[in-house]
Amino acid sequence: VSFLRNQVVTFPRNRWSVCAEIRWSISANSPLEEEKILSRKLLESSDIEQTDILDFIEFPDTIRYDDKNYINLSISFPNHFLFKRFRERTLDLPHINWCVLKINPKYIYCTNTLFSVTNAASSIAKNLYGISGDLSKFKQLFDDNITSKSGVIPRGILNKKYPTDVQAEVLVKDEILVSDVLSICFKDEESLASGKASLSGYDTSKFVIDSSVFSNLRT
1 VSFLRNQVVT FPRNRWSVCA EIRWSISANS PLEEEKILSR KLLESSDIEQ
51 TDILDFIEFP DTIRYDDKNY INLSISFPNH FLFKRFRERT LDLPHINWCV
101 LKINPKYIYC TNTLFSVTNA ASSIAKNLYG ISGDLSKFKQ LFDDNITSKS
151 GVIPRGILNK KYPTDVQAEV LVKDEILVSD VLSICFKDEE SLASGKASLS
201 GYDTSKFVID SSVFSNLRT
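Just so we're aligned: the sequence shown equals residues 1 to 219 in UniProt numbering.
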């Protein structure tokens with residue numbers, strides 16, 4: 001993975017984190033086994049036994065960026081709209097245990113990382129704003145007003161670490177190293193204990209309780 005950008009000197013640093021909404025189950029430990037989180041395309045082309053959320057529930061194709069080479073991440077806080085839908089639709093699947101990964105923000109500076117000011121699968125992202133990896137696109141994520149499918153979203157007094165639209169995305173190409181995961185956040189003691197039990201034998205030192213990332217409030 002290359003982390004060199006032509007604009008690296010002026011590219012902002014030390015303000016953001018990136019996070020991914022992940023479902024955890026007894027059968028979902030391949031990231032730890034392989035020591036990396038893979039894009040859907042790489043998973044499909046590998047011989048790794050895997051299950052995906054789409055194996056259990058139906059979602060419209062429009063909920064995610066249609067290039068399977070990329071891993072869709074949020075900035076500093078999960079996309080709570082989509083995260084809530086995932087969790088609601090798996091309530092009757094007790095073996096699925098959701099967590100949020102907080103990931104080293106260095107992937108923001110990777111040369112082939114892309115940025116989307118709103119849901120990357122939306123027509124607004126693709127046709128009005130465009131999806132690209134340049135500095136101006138990244139800065140646009142923090143504009144005073146963002147047009148989304150639901151209307152104009154004002155930034156107001158939102159903390160500067162958050163993009164204006166909670167559905168803004170960082171699209172990381174191919175893979176993320178597990179060593180770059182800063183913490184793995186569970187909602188409560190019960191889900192934390194379940195996660196540790198299902199991954200007995202693996203390093204769970206980064207497993208923590210952080211109920212705030214399961215809410216819809218960016219503070």
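Here a beta-carbon is modelled for each residue, glycine too, at the ideal position from N, C-alpha and C.
Residue i versus residue j: straight-line alpha-carbon distance, rounded
i: L32; j: G201; result: 11 Å
i: P78; j: S123; result: 21 Å
i: K139; j: L217; result: 22 Å
i: N145; j: S76; result: 19 Å
i: V117; j: D210; result: 26 Å
i: I176; j: D67; result: 16 Å
i: F214; j: E189; result: 14 Å
i: S179; j: G195; result: 18 Å
i: I153; j: I37; result: 32 Å
i: I184; j: K206; result: 6 Å
i: G156; j: V166; result: 13 Å
i: S212; j: H80; result: 11 Å
i: K160; j: T219; result: 10 Å
i: N69; j: S132; result: 14 Å
i: S198; j: T204; result: 10 Å
Per DSSP, the bridge partner or partners of residue i
i: K173; result: Y70
i: V181; result: I103
Nearest residue (CA-CA) to residue i, options the options
i: I108; options: K206, A197, F186, A168; result: A168
i: V181; options: V100, A197, T90; result: V100
i: K143; options: R89, S150, R85, Y162; result: In the sequence as displayed, the identity of residue 143 is Asp instead of Lys. Considering only alpha carbons, the answer is Y162.
i: K149; options: D134, I96, N119, E88; result: N119
Beta-carbon proximity check, residue i vs residue j, cutoff 8 Å
i: L42; j: L114; result: no
i: I103; j: L82; result: no
i: T164; j: L141; result: yes
With a floor of 4 residues, list each alpha helix (DSSP H) that falls wholly inside the region 69-131, ordered by position along the chain. Qualifying alpha helix (DSSP H) stretches, in chain order: 80-88.
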